[in-house]
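When the count follows our numbering, it moves up by one through the sequence shown with no breaks and lands on 786 for the last residue.
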Amino acid sequence: MADLPKSSDAEYVKRIEAERQEKDYFFKDHQQSPIPWELREKFIGLAYFPPNPKYRLKVKLQRYPKPEPVVLATSKGIPRDMLKLGYFEFTIDGQTRRLQVYKSIPKRGEAEDESLFVPFRDATSGKESYPAGRYLDLPVTENDEHVLDFNLAYNPYCAYNDAYVCPLPPRENWLDIRIEAGEKNFPLEDLKEQLAKEGKPLGHHHH
Numbered sequence: 580m581a582d583l584p585k586s587s588d589a590e591y592v593k594r595i596e597a598e599r600q601e602k603d604y605f606f607k608d609h610q611q612s613p614i615p616w617e618l619r620e621k622f623i624g625l626a627y628f629p630p631n632p633k634y635r636l637k638v639k640l641q642r643y644p645k646p647e648p649v650v651l652a653t654s655k656g657i658p659r660d661m662l663k664l665g666y667f668e669f670t671i672d673g674q675t676r677r678l679q680v681y682k683s684i685p686k687r688g689e690a691e692d693e694s695l696f697v698p699f700r701d702a703t704s705g706k707e708s709y710p711a712g713r714y715l716d717l718p719v720t721e722n723d724e725h726v727l728d729f730n731l732a733y734n735p736y737c738a739y740n741d742a743y744v745c746p747l748p749p750r751e752n753w754l755d756i757r758i759e760a761g762e763k764n765f766p767l768e769d770l771k772e773q774l775a776k777e778g779k780p781l782g783h784h785h786h
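The following block contains the structure:
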């Protein structure tokens, strides 16, 4: 697999940092933000590993002859139907690993979701990163060639708010290597404790 050109690393890092800032603005102020609104004044931005081009990899989707319907467990026990399309094989620091690639099955009347879904856990899960794992979304491509960029790994909305239902990475996508890229854990419990100490438990506010 050819590496992506190095000359563009600085621009790449800038772009990632700009995207992260945009997301912070969205989480702080937008109606659709997953952060419980009582916590938003305490929200000082999401935490990330520094952008690292080493974790940006060219891969090809190795498709299975027939996409396999699978059921992913979720944080709320409500199963989520998906299609397993194939896998990506990639090498980081001389370690070659695979991740299975999924696609959501549209409910009746819903438009087809055009993105590939790669939920994973790794050796940082439960340490620096969210214990349940992280997600990657990739646009479908014509030739099945992709850039698997772990710098774009993001937390399920469950990391910020217990009200969401989030698919859990299946065991076959638990990596035994450290992916020191992408989003780190969000201190939801710490923030809740701070609120409780101030006598403002979560969810007891009236608008």
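A virtual CB, placed ideally from N, CA and C, is assigned to each residue, including glycine.
Taking the Cβ atom as the reference point for each residue, do residue i and residue j lie within a distance shorter than 9 Å?
{"i": "Leu-754", "j": "Arg-700", "result": "yes"}
{"i": "Leu-664", "j": "Lys-682", "result": "yes"}
{"i": "Ile-758", "j": "Ala-738", "result": "no"}
{"i": "Leu-636", "j": "Asp-716", "result": "no"}
{"i": "Gln-641", "j": "Tyr-666", "result": "yes"}
{"i": "Asn-764", "j": "Pro-710", "result": "yes"}
{"i": "Pro-748", "j": "Val-649", "result": "no"}
Taking residue i as the reference, give the member of the options with the closest Cα.
{"i": "Pro-632", "options": "Ala-589, Glu-707, Val-650, Leu-767", "result": "Ala-589"}
{"i": "Ile-684", "options": "Asp-660, Gly-673, Asp-672, Gln-674", "result": "Asp-660"}
{"i": "Gly-712", "options": "Tyr-736, Glu-768, Val-726, Glu-693", "result": "Tyr-736"}
{"i": "Val-697", "options": "Ala-690, Val-726, Val-744", "result": "Val-726"}
{"i": "Pro-646", "options": "Val-680, Ser-587, Asn-740, Leu-625", "result": "Val-680"}
Sorted by chain position, which residues of the same chain lie with C-beta nearer than 7 Å to residue i's C-beta, five sequence neighbours on each side aside?
{"i": "Ile-595", "result": "Pro-630, Asn-730"}
{"i": "Glu-707", "result": "Lys-763, Asn-764"}
If residue i sits next to residue j, beta carbons under 8 Å apart, how far is it from one beta carbon to the other, in whole angstroms?
{"i": "Leu-651", "j": "Pro-746", "result": "4 Å"}
{"i": "Phe-606", "j": "Phe-622", "result": "6 Å"}
{"i": "Glu-693", "j": "Pro-718", "result": "7 Å"}
{"i": "Asn-740", "j": "Pro-613", "result": "5 Å"}
Skipping 5 residues on each side, what residues in its chain have a beta carbon closer than 8 Å to that of residue i?
{"i": "Lys-779", "result": "Glu-617"}
{"i": "Ile-756", "result": "Ile-671, Asp-672, Gln-674, Arg-676, Asp-701, Ala-702"}
{"i": "His-785", "result": "Low per-residue confidence applies at His-785: pLDDT is 46, beneath 50, and the placement is therefore not dependable, though the value from the model is reported in the following sentence. So no residue of the chain qualifies."}
Which residues in the same chain as residue i place their Cβ atom closer than 6 Å to its Cβ, once the five residues preceding and following it in sequence are excluded?
{"i": "Glu-724", "result": "Lys-639"}
{"i": "Ala-760", "result": "Phe-628, Asn-631, Tyr-634, Phe-729, Asn-730"}
{"i": "Ala-626", "result": "Lys-763"}
Under 8 Å: do the region 651 to 667 and the region 610 to 617 share three or more Cβ pairs, one atom per stretch? no
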